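Residue numbering for the first sequence follows this note's numbering, starting at 1354 and increasing by one per position.
Glycine is no exception: its CB is placed at the ideal position from the N, C-alpha and C atoms.
Note that the structure is predicted; figures quoted are calculated from it, not measured.
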Amino acid sequence: MADYKKLADLLYPEATLTIEEIEKKYPARNLPEGACVTRLAPSPTGFVHLGNLFPAVTCERLSHQSGGTFILRIEDTDQKREVEGAVEILLSSLKRYNIIFDEGATADGEVGSYGPYYQRQRADIYKAYAKKLIAEGRAYPCFCSEERLEEMRKEQEQNKDNFGYYGKYAACSNLSYEEIEEKVKNGEKFVLRFRSQGDPSKTDHIDDLIKGRLEFPENDIDHVMLKSDGIPTYHFAHSVDEKTMGVTHVVRGEEWLATLPFHVQLFKALGFPLPHYMHVAQLMKLDNGTKRKLSKRKDPEASLAYYYEQGFSAGSVMEYIMTLLNSNFEEWRIANPTAPLDDFKFSPDKMSISGCLFDMDKLIDVSRNTISVMTAEDVYEQVTAWAKDNDSELYDKFTADPDYAKRILSIGRGCEKPRKDIAKWNEVKAYVSFFYDDLFTQSGEFPETVSSEDKLEILNRYSELYDENDDQETWFGKVTNLAEELGFAPKTKLYKKNPELYKGHVGDVSMVLRVAITGRRNSPDLYEIMKILGADKVKERLENAK
RNA sequence: GGCCCGUUGGUCAAGAGGUUAAGACACGGCCCUUUCACGGCUGUAACACGAGUUCGAUUCUCGUACGGGUCACCA
């Protein structure tokens, strides 16, 4: 066609913004050498998938570790899927994981000078580039109806041809200016398609920072760039936005690999430099013996909200994500148990090429470790914050006497080998229950090796001899003496050697006390528990257990 | 179906042309121990299969199988 320029104006007369103006408005960023500019580009559906955290963390680390910029761009080009308040939900969920953006959409607008950051507001930018491609003969309007495309697909199926709008199937690619003009004047709807010059018998490649060299046949499909409402498809918006926003590293799920050839082609046609690509593998789940993608409909654990509701601390989830994201993270964490996450050097080449299964056992283990090195103060703050939304009873107890709660939480904490009782905040209530009378339940069985007379004797005598000023050694010495006087071995080993000489051993006596005081057979250190409960409460429990 | 990606124990993974093929989780045993938790020691368990290159391949190449993704005016 002779005058593509004329065609561009015919199609989008309203678009007057020029490339020069755009380039002036979005100059190259002035950043230190090696700084990465990354972006998270979700569609505002209101659902935050656990899988979203992988690219999000990757982008965040990459940009912030390099002194770069992390952008939130909202891909709202599909109105149908849009959900009100989605950006706020996203922002607040990510904030819990310390994922903070430097630029882009915010709860009430946006920040940064490379906006707008909502794609629908960038229509004039896309159209400017679209017109450029039209003027160069690299894009054309397509008037095919849905029905026509459906027919085409059936035909392709029959002919065993590849699907898509290309070659001889691309009916609108050869329309004359006059034909187009007539259709436009009749008000016929059209989409704008890229005119592919790709030859699928030739291969192209890119070097993915995660996957390595990726080879693929050149794309020959005339994909849609602008929909009939003038809003771009993901592909076109992707190329224009990464360029105009100065994004250096594109981190996204590997489901985009299939359309990568088209993206490469678009960047080249537009004269844009290719960003570095990082395609991250998908998170899978084992279902009936087969791997499958973690599904937002079927799997509650696919939702980020689930982890919060379940009481996983954000720190724990982050630790787990990091172990999956960088294979050397775990090793580093073992060497630096209390170092802040920021100290870890995140690197793309330590990322896994293949998708992994989500492993709840591992998350729980990681979480236990993470929580075990936290201070009682931190645990208190986090549990309380969680309980506020999820467990009002616990919240009331903890806030009524913060000091008491913190003393409970400091049992076996802050030492060389801390206890690892808690993996999730929803376990805390059961863990601390016996410290609160109305949560206390007498559920433990007294040891059957101890007769009821001896049990009574133990409870009575202990009530007298317990002195909360005793140090741990003195205290246990008293317990041992009591045991011996009643005919129990003072050491477990003695009993095991000659069981016939004793009624039982000191452990049985302790067990009687433990069950009486805590209501259960297992507990953290009794001595510390009693200190926190106080002598009066201890004696009351002993009395009640008789 | 076409195209693309992948495949080291149950899971996450390190590794490298020659290794006793790390480590973590889970599971089992033992030890420590007044219970539990912690900790220590220890055990079971893996390079998908078939060719080729090579003195030698789990590592490189090619096939096969299996798994995943994608083929929209969704992202």
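Nearest-angstrom Cα separation, counted from D1429 out to S1396: Counting from one through the first sequence, the residue named residue 1396 turns up at place 43. Counting from one through the first sequence, the residue named residue 1429 turns up at place 76. Answer to the nearest angstrom: the Cα atoms are 6 Å apart.
task: Return the CA-CA distance between E1838 and T1794, expressed in angstroms with no decimal places.
output: Taking the first residue of the first sequence as 1, we reach residue 1838 at position 485. Taking the first residue of the first sequence as 1, we reach residue 1794 at position 441. Roughly 30 Å between the two C-alpha positions.
message: Cutting at 7 Å between CB atoms, please list the residues of its own chain near N1512, excluding the five before and the five after it.
response: Start at 1 with the first residue of the first sequence, and residue 1512 comes out as number 159. Contacts found: none.
- request: Identify, in the order they occur along the chain, each residue of the same chain with its Cβ nearer than 8 Å to the Cβ of P1771, setting aside the five sequence neighbours on each side.
  value: Here residue 1771 refers to the residue found at position 418 of the first sequence. Result list for P1771: S1725, V1726, G1765, in chain order.
- request: Name the residue from L1809, Q1472, D1754 whose alpha carbon lies nearest to the alpha carbon of A1394.
  value: In the first sequence, residue 1394 corresponds to position 41, counting from 1. For A1394, the closest of L1809, Q1472, D1754 by C-alpha to C-alpha distance is Q1472.
- request: Kindly indicate which three-state DSSP category G1468 falls into: helix, strand or coil?
  value: Locating residue 1468 in the first sequence gives position 115, where the first residue counts as 1. In the structure shown, G1468 sits in coil (DSSP, three-state: anything other than H, G, I, E or B).
message: What does DSSP give as the partner residue(s) for G1547 in the beta ladder?
response: Position 194 of the first sequence holds residue 1547. According to the sequence displayed, residue 1547 carries Phe and not Gly. In DSSP, F1547 forms a bridge with A1492.
- prompt: Which residues bound the alpha helix (DSSP H) around A1655?
  reply: Counting from 1 along the first sequence, the entry for residue 1655 is found at position 302. Careful: A1655 lies outside any alpha helix (DSSP H) and carries neither H nor E.
- prompt: Do you know offhand how far L1809's Cα is from E1821's?
  reply: Position 456 of the first sequence, counted from the first residue, corresponds to residue 1809. Position 468 of the first sequence, counted from the first residue, corresponds to residue 1821. Cα-Cα distance, rounded: 21 Å.
task: With DSSP as the reference, label F1454 as helix, strand or coil.
output: In the first sequence, the residue the question calls residue 1454 occupies position 101. F1454: coil per DSSP, three-state reduction.
task: Please state whether DSSP places K1638 in a helix, a strand or coil.
output: The residue given as residue 1638 occupies position 285 in the first sequence. Here K1638 sits in strand by DSSP.
Segment limits, beta strand (DSSP E) that includes P1395: Position 42 of the first sequence, counting from 1, holds the residue named residue 1395. In this chain, P1395 is not harboured by any beta strand (DSSP E), its DSSP state being neither H nor E.
message: Please return the same chain residues whose Cβ sits closer than 8 Å to the Cβ of K1773, not counting the five positions on each side in sequence.
response: For this step, residue 1773 is matched to residue 420 along the first sequence. Hits under 8 Å: R1721, N1722, I1724, S1725.
task: Consult DSSP for D1560 and reduce its assignment to one of helix, strand or coil.
output: Here the question's residue 1560 lines up with position 207 in the first sequence. Of the three classes helix, strand and coil, the one that applies to D1560 here is strand, per DSSP.
field: I1764 in three-state terms, based on DSSP
entry: Taking the first residue of the first sequence as 1, we reach residue 1764 at position 411. If DSSP states are grouped into helix, strand and coil, I1764 belongs with coil.
- prompt: Where do the N-terminal and C-terminal ends of the alpha helix (DSSP H) with I1922 fall, by residue?
  reply: Since the first and last residues shown for the chain are 1354 and 1899, residue 1922 lies out of range.
- prompt: Whole-angstrom Cβ separation of H1576 and H1588, contact assumed at under 8 Å?
  reply: The residue labelled residue 1576 in the question sits at position 223 within the first sequence. The residue labelled residue 1588 in the question sits at position 235 within the first sequence. With a Cβ gap of about 6 Å, H1576 and H1588 count as contacting.
- request: Consider the C-beta atom of Y1757 and the heavy atoms of the ligand HEM; say whether any pair is separated by less than 7 Å.
  value: This structure lacks the ligand HEM, and indeed carries no ligand of any kind.
- prompt: For D1362, which residues from the same chain have a beta carbon less than 8 Å from its beta carbon, with the 5 sequence-adjacent residues on both sides left out?
  reply: To locate residue 1362, count along the first sequence from 1; it is residue 9. For D1362, same chain residues with a beta-carbon under 8 Å away, outside a window of 5 residues either side, are K1484 in chain order.
One or two residues paired with I1427 in a DSSP bridge: Start at 1 with the first residue of the first sequence, and residue 1427 comes out as number 74. DSSP output for I1427 lists Y1471 as bridge partner(s).
query: Below 8 Å between beta carbons: does that hold for V1736 and V1781?
result: Reading the first sequence from its first residue, position 383 is the one you call residue 1736. Reading the first sequence from its first residue, position 428 is the one you call residue 1781. Yes, they are a contact pair.
message: If I follow the unbroken alpha helix (DSSP H) through E1826, where does it start and stop?
response: In the first sequence, counting from the first residue as 1, residue 1826 sits at position 473. Unbroken alpha helix (DSSP H) run through E1826: 1825–1838.
message: Short of 7 Å in beta carbon distance, which residues of its chain neighbour K1646, apart from the five on each side in sequence? Order them along the chain.
response: Locating residue 1646 in the first sequence gives position 293, counting from the first residue. Closer than 7 Å at the Cβ level, and outside the excluded window around K1646, lie Q1635, M1637.
Host beta strand (DSSP E) of K1644 (start-end): The sequence position of residue 1644 within the first sequence is 291, counting from 1. Here the beta strand (DSSP E) through K1644 covers 1643–1646.
- prompt: For L1762 versus Y1733, is the C-beta distance shorter than 8 Å?
  reply: As a first step, residue 1762 is located in the first sequence; it is residue number 409 there, counting from the start. As a first step, residue 1733 is located in the first sequence; it is residue number 380 there, counting from the start. A Cβ-Cβ contact shorter than 8 Å links L1762 with Y1733.
message: Quick check: what's the CA-CA separation for T1728 versus R1760?
response: As a first step, residue 1728 must be located in the first sequence, where it is residue number 375. As a first step, residue 1760 must be located in the first sequence, where it is residue number 407. For T1728 and R1760, the distance between alpha carbons rounds to 11 Å.
message: Please report the distance separating the alpha-carbon of Q1550 from that of M1631.
response: Here the question's residue 1550 lines up with position 197 in the first sequence. Here the question's residue 1631 lines up with position 278 in the first sequence. CA-CA distance, Q1550 to M1631, rounds to 26 Å.
message: Suppose the cutoff is 7 Å on Cβ atoms and the five residues either side in sequence are ignored; what does the same chain contact list for S1526 look like?
response: Here residue 1526 is taken as the residue at index 173 of the first sequence, counted from 1. Short of 7 Å from the beta carbon of S1526, and not among the five residues preceding or following it, lie these beta carbons of its own chain, in chain order: Y1493, R1548, D1575.
message: With DSSP as the reference, identify every bridge partner of E1568, one or two as the case may be.
response: In the first sequence, counting from the first residue as 1, residue 1568 sits at position 215. In DSSP, E1568 forms a bridge with H1558.
task: Let me know the alpha helix (DSSP H) ranges lying completely inside the segment 1680–1744, each 4 residues or longer, listed in chain order.
output: Counting only runs that start and end inside the segment 1680–1744, the alpha helix (DSSP H) elements of at least 4 residues fall at 1682–1688, 1713–1725, 1729–1743.
Range covered by the beta strand (DSSP E) that runs through L1579: As a first step, residue 1579 is located in the first sequence; it is residue number 226 there, counting from the start. Start and end: 1577–1579.
- prompt: Taking contact to mean at least 3 C-beta pairs separated by less than 8 Å, is the segment 1679–1686 in contact with the segment 1648–1663?
  reply: With the cut-off at 8 Å, the segment 1679–1686 and the segment 1648–1663 do not touch.
message: Taking its Cβ as the centre, do 16 or more other Cβ atoms sit within 10 Å of C1709, making it buried, or is it exposed?
response: For the purposes of this step, residue 1709 is taken as residue 356 along the first sequence, with counting starting at 1. Its Cβ having fewer than 16 others within 10 Å, C1709 is exposed.
message: When you compare the CB positions of V1803 and V1719, do they come within less than 8 Å of one another, or not?
response: Translated into the one-based positions of the first sequence, residue 1803 becomes position 450. Translated into the one-based positions of the first sequence, residue 1719 becomes position 366. Not closer than 8 Å, so no.
- request: Within 10 angstroms of the Cβ of K1378, are there 16 or more other Cβ atoms? Answer buried if so, exposed if not.
  value: As a first step, residue 1378 is located in the first sequence; it is residue number 25 there, counting from the start. Here K1378 is exposed, its C-beta having fewer than 16 other C-beta atoms within 10 Å.
As assigned by DSSP and simplified to three states, the class of G1668: If you number the first sequence from 1, residue 1668 lands on position 315. Correct three-state label for G1668: helix.
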